[in-house]
Every structure is written in structure tokens, then in C-alpha cells.
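Numbering (the working numbering), first residue to last: 1065 to 1792.
Don't be surprised by glycine CBs; every beta carbon is placed ideally from N, CA and C.
Note that the coordinates shown come from a computational prediction; the quantities given were computed from them, not determined experimentally.
Worksheet: the structure to be examined is printed underneath.
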């Protein structure tokens, strides 16, 4: 039984020395001197704030993209024991001793280092020679811009890593298709493709470009499979379902999981709460949750409420009134109703409280049992402090003359009767009998007499003059067709009124409530709201000193100064390897011209290269050239501030195209031994120039050694480059 122990257990393994050597060189180039400089470098000032918020479990919203990349950076901080205590307010600020610089920069550096062996394997899976694959990896290894971007707490290297991993995984899956379909390795690489695509999108939405490219490639390959008569209908269905599961369903589920973990980690109230709905804010620990805890859920006749406008931007505001009246005449000569002002006030205040009144009854307290207000009910809104009724009439609003003025009615004994009936319309109702709920219900107030809708028009325009205390205008919007968030309100604070006397009621308005009703949002509700905010919340784009246009990137007419030593000439710049970028542009041009030439000749039934070489040429172009195009061309359609680092995913694919073109030229256009020898010599000389440029710009890639004034001036190869030179 134990006879197998008589022989030694032998394990054999194939080791690709090229792959090992490239991985070691990649790690060395990215990890060497990783803690230098021990100061905030460029966008570390931006991402570091989010890392600190993760460490403190404080909620935030970043409109630049999903949370997965931020969580990876925070993981580095967590592994290094970072407590989140650092003021990220200035580029160049020295890190305090509690900041684990090496740990925070580790994951981006590892991702950047692993891009080197990934490039090698991609060319091998595209069926190019190991020599071409080695060339591709070395070009990535010696690319100054990729080194710089991967050595700091930034996201581009992580994005590029997942993009290349997705491409490699799909190529491995595709190459297993003919002989090992549905095998373990086939499933592994197919599933890894979907996971890597989801991770790329989860880091930055730029990952969508490569994801779409791979989905299109998979669709094209499946289309070809449909024409294969050797595959049965059942087999095709299984292939289709497998691809749908791995490339669509699993990535979507994984993407949702990023947000689930993000929201689970960030459960405390923070500085970004105000852009979220009241329901979302109330689900966070502290902040609004402390105020709203224990509130009644259902709004009833007699309820005391504050009404927050749902739009919430550029600032949150609450329906508000105060004893002051509109001026008899405005500055432009138009007259007003001289009624009590109603505004939208961006701060919490006792004058934000209103009482929901039944028009058929006089009482301002909640009955026992409470009578809930439902969709379609007619109510009056009584201002809690002044006890005047919310009103509108056919008088032009102060700043929006095409809309109606909204006021609290004062009886001047003139021919202007009160018009203070409002119909409650729950916008997000599930049925027409829904009850108006605290925080959860989004409500429009439609004026019964004029059909005007209560609207916070000041959120999209100017504030009121001095007589209105610079508060935001509220109007009755006549043109109420369509839906706009400035017309929608939700109850944020709520209590059941118990005091009929005004003096007692004023005291009651300042007192906390006691009833405890949970208003926790489901994960999907929170995800939907947060995702919508990320997609729609855009900070005002301002011109940046180092911003650039997409056209500047191809010829590298721009750079970014990442860091400058406070005393010496040491500095770090985002600059690409000029020789590599110029060669990548040339390779793309040669590929395009040759492809058009081949296509024209093939239409004339002239085949210059064998069919297998043609298929190889087209597949490599689809991945490398297509990867460059989908990651570059969309930026011409974007209205946002652009920087050189946005081009890095595209230029990575373009660099992979260089050895593809070189091998093709050597194999098919250099037909004689002499031409092949001359071509090899030219390639060697060209690669030497790539290495020379890498070495020349290494001081501004790594930030050391410090260069003299003369040496810095010598690095300014283009007049458009902003090399920082101190005045003597």
C-alpha cells in the first residue's frame, strides 16, 4: 500500500527565464527608492484625502469614478498602519512620520511593475516571436512616463495593469478555444477576463473603453463560431451562455460588490453628505442621522416638518419664511404683493419649520390616531413661527417674472383673497394611495387654483437682493410640464405636533422627538443614488497650469511637473520616452498604410503575404491598434480638464504595436539576407536610442540625482516643456 514511498517524489516545472527576468527588472525599476520623495507628489494631494477618509470610515463622493481604485490605495494605507491623520492640503508638503509612504505607494508600483511581463505574454499569445515579445516588454520597462506614474499614490498604473490583464486573459481563453473548450483552464481565463474588466472599470471609467473592445472582439469571434458547421446548436448555446456569464453577469456583480464594500466601510457622516438625499444622509452614523433618529415615518395632518429641496446643488436648501415682506416695488419698477417672503434657505433654522394642516379643520396638532396624508390629498402649509399660510397668486416673482410669486399670506383687507391650497403629489410613489413618508417620499406641491408647482428657482439663478437677505428665490412654476428636481421636496425633520397654543408650539419646534422608526435604505437604493451622483455630479472645470488637449499628447508637446525639491534642483516630471512615443506614432502610421495597401491588393486577388500572416497582422492590429484608438479618440468628445496621464492607457497599446510592425517588416518585406542584417542593425541602433533617452530623463523620472541649472536646460528638448528652473 505504501509502495509509492520507495521512489522519491519529483516535481518538474518549466520556468520561462525571460518572464522571470522581466518581472525582476520591472519590480526593480518601479520599487527602487519608492519612499523618495517623502513629500506629497501632484495628485497624491487628491487621492490622499480619500485614503484618510477610508481610514476614518467617513463617507465621501468622488465624481472621477467608482471606488475600487480608492479602496486599493486605502488598502496600502491599512497594511502600513496609517491612521488617516494627515492634512492633504499642499503639493510638496513633507509627510509626517505616521504616514507609511512606502506602503501607500506599493500597490501602484507593483501594478506598474507587472505590466512589463504582461506585455511580453500578450505578444506571445498573439503568436509573435519571443524576440518581439521581449522587445515589447523592454519598451514598457523603459517608458519614463509609465515609471513616473506607477511610483506614486495614483491610479493609472493600476488601471493599465487590469486592462492588460483583461487582454491577456482573453487571448489565452481564445487560444484554448479550438482544443480545450470548457476545460478548467478555458473557464479560468474566461472568468479572469470578466473579473479584470470589472476591476478596470472599477478603478476608472476609462476602463470601459477596453472592456467594450473585448466585448466587441468576443462578439466577432462568436459570430465566426456560428458559421462553424462542426458545432451543434446546443454547443453554440453553451458557448453563448458561458460568455454572457463571464463577460457580462459576473463583471456587473463584481462592480456592485465594489460599492457594497465601499458603503460598508464608509458608514460615518462626512463633508459630502449634503449632496446626497435626506434618506441617504439619515442612513449614515452622525450628521443628519443624529437629528432624524426617532422621527415618525408617516406625515399626518398636524405634522411639523422641514422641507428640503431634492436638487441639492449647487447647495442644499430648505423651504423658509420670515416676517419680512416683499418690497412694494422692485428696483426695475415692477410691483409685488407686499406679502411675507418665502425663500429657500441653505442653513438649518427654526424658520424652516412648517405645519401640515387639513383645510377642513382648524387644529394644528396631530389627532389620535394620526390621519396620514396620502398622494393627491389637499393640504395647507402653515409657517410654524409666524402661523401664516403658504400662498401663491398671479403676481410675478421678483427674479423670475414668468413665474408666480410665492409668499405667506397677509390679509390686508384688499381684493386679493388667500389662495393657499396645495395638492401633494408623491413623485416616487408605488401606487396612487401611497402615504407621504418622512425622508423617503419625494413630493411636488401643486397649487390648486393656478396649477403652479412650488419650485426653488434660486438654485439655478441669482439669489435675492439685500431685502431678501441674499436667500434663494422660491416661485410657483407655471410651466410644470416635465420633471425637474428643483420642483421636488422631501420631509427631512419631522415631529407630531401636540401644542395648539403658539407659545407652546414654538418651544415644541425646538424639542427632539421620541418615536423611533427605522428609515434605513436598502443597498440597491444607496447604490443607485451614489452611482447617479458620480455620473452627474461634475465639479466646475477650471483651467489648470498643466492641462492639455488630446492633440498635444501624440507629439508630447506637454508635460506635468509633479514635484520640486524646496532647495535643490531635484524635480519629477511626467514625460514620456521621446524615442518610444515617436516610434509608436510611426508604427501606427506604417500599420495603417500597410493594412490599406494589403486590402486594396487583396480586392484585386493579389496576396502579398500568406493567409496566416494576414490573420496574425489583423488580430494584432485589432488588439493593439484598436486598444490605442478606443482609449484615445473618446477624449476628443469630452468636455473636461485633460492631462497627459489620460493618454497613458492608449500609448501603452500603441507601444505594443511597435514590435508587431517591426517583426512584420523583418519577416515579409526584408526578403534577402543582406536586408535582414541591415534591418536588424537598424533595430539595434533604434533600441539603443530608446535606452539613451530613458537614461537621459531618469533624473526627472525618479527625482534624483539633483541636476544643475545647465543640465536642466539641456533637458528642455521642446519649447513647450515646462522644466522648472530656479532663478539665481
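Euclidean distance between Cα positions of residue i and residue j
i: residue 1415; j: residue 1325; result: 39 Å
i: residue 1079; j: residue 1085; result: 11 Å
i: residue 1150; j: residue 1219; result: 20 Å
i: residue 1383; j: residue 1267; result: 39 Å
i: residue 1753; j: residue 1643; result: 7 Å
i: residue 1597; j: residue 1339; result: 8 Å
i: residue 1377; j: residue 1507; result: 18 Å
i: residue 1301; j: residue 1295; result: 10 Å
i: residue 1838; j: residue 1136; result: Here the chain comprises residues numbered 1065 to 1792, so residue 1838 is not present and cannot be evaluated.
i: residue 1289; j: residue 1661; result: 28 Å
i: residue 1208; j: residue 1286; result: 39 Å
i: residue 1228; j: residue 1686; result: 14 Å
i: residue 1673; j: residue 1088; result: 38 Å
i: residue 1577; j: residue 1118; result: Low confidence applies to residue 1577: its pLDDT is 47, below 50, so where it sits in the model is not reliable enough to give any reading.
i: residue 1330; j: residue 1121; result: 4 Å
i: residue 1748; j: residue 1192; result: 18 Å
i: residue 1024; j: residue 1658; result: With the chain running from 1065 to 1792 in the structure shown, residue 1024 is simply not present.
i: residue 1692; j: residue 1654; result: 15 Å
i: residue 1617; j: residue 1439; result: 56 Å
Nearest-angstrom beta carbon gap, residue j and residue i [assumed within contact, 8 Å]
i: residue 1487; j: residue 1442; result: 6 Å
i: residue 1277; j: residue 1715; result: Wrong, their Cβ atoms sit about 16 Å apart, outside the cutoff.
i: residue 1230; j: residue 1274; result: 6 Å
i: residue 1185; j: residue 1232; result: 5 Å
i: residue 1720; j: residue 1688; result: 5 Å
i: residue 1346; j: residue 1503; result: 6 Å
i: residue 1165; j: residue 1099; result: 5 Å
i: residue 1463; j: residue 1528; result: 7 Å
i: residue 1729; j: residue 1633; result: Actually they do not touch by this definition, with Cβ atoms about 42 Å apart.
i: residue 1510; j: residue 1517; result: 6 Å
Where residue i sits in the DSSP three-state scheme
i: residue 1261; result: helix
i: residue 1420; result: strand
i: residue 1191; result: coil
i: residue 1759; result: helix
i: residue 1509; result: strand
i: residue 1341; result: coil
i: residue 1156; result: coil
i: residue 1560; result: strand
i: residue 1536; result: strand
i: residue 1500; result: coil
i: residue 1399; result: strand
i: residue 1209; result: helix
i: residue 1382; result: strand
i: residue 1469; result: strand
i: residue 1143; result: helix
i: residue 1220; result: helix
i: residue 1491; result: coil
i: residue 1071; result: coil
i: residue 1125; result: coil
i: residue 1336; result: coil
i: residue 1408; result: strand
i: residue 1624; result: strand
i: residue 1439; result: coil
i: residue 1486; result: strand
C-beta atoms of residue i and residue j nearer than 8 Å
i: residue 1471; j: residue 1521; result: no
i: residue 1305; j: residue 1408; result: no
i: residue 1782; j: residue 1621; result: yes
i: residue 1244; j: residue 1318; result: no
i: residue 1484; j: residue 1444; result: yes
i: residue 1450; j: residue 1404; result: yes
i: residue 1130; j: residue 1322; result: yes
i: residue 1047; j: residue 1105; result: The question about residue 1047 has no answer here: the residues shown for the chain are numbered 1065 through 1792.
i: residue 1727; j: residue 1648; result: no
i: residue 1260; j: residue 1723; result: no
i: residue 1761; j: residue 1639; result: yes
i: residue 1705; j: residue 1563; result: no
Cβ of residue i within 8 Å of any chain B Cβ
i: residue 1112; result: Within the model displayed, chain B is absent; a lone protein chain is all it includes.
Check: residue i C-beta below 7 Å from any heavy atom of the ligand ATP
i: residue 1216; result: Of the ligands one can find in the structure shown there are none, so the ligand ATP has no counterpart to examine.
Segment contact flag, the segment 1355-1371 with the segment 1385-1404, C-beta cutoff 8 Å, min 3 pairs: Proximity of the segment 1355-1371 to the segment 1385-1404 falls short of the contact definition, fewer than three beta-carbon pairs being nearer than 8 Å.
Segment contact flag, the segment 1186-1197 with the segment 1207-1219, C-beta cutoff 8 Å, min 3 pairs: Short answer: they don't touch.
Validate contact between the segment 1170-1178 and the segment 1241-1255 using beta carbons, cut 8 Å, 3 pairs: These segments do not touch.
Touching by the beta-carbon criterion (3+ pairs, under 8 Å), the segment 1391-1400 and the segment 1545-1564: Look at the beta carbons and you see the segment 1391-1400 not touching the segment 1545-1564: under three pairs across the two are nearer than 8 Å.
Inter-stretch contact (C-beta, 8 Å, three-pair minimum) for the segment 1427-1437 and the segment 1476-1487: Between the segment 1427-1437 and the segment 1476-1487 there are fewer than three C-beta pairs closer than 8 Å, too few to call the two in contact.
At least 3 beta-carbon pairs within less than 8 Å: the segment 1126-1142 vs the segment 1084-1098: The answer is no - the segment 1084-1098 does not touch the segment 1126-1142, with fewer than three Cβ pairs under 8 Å.
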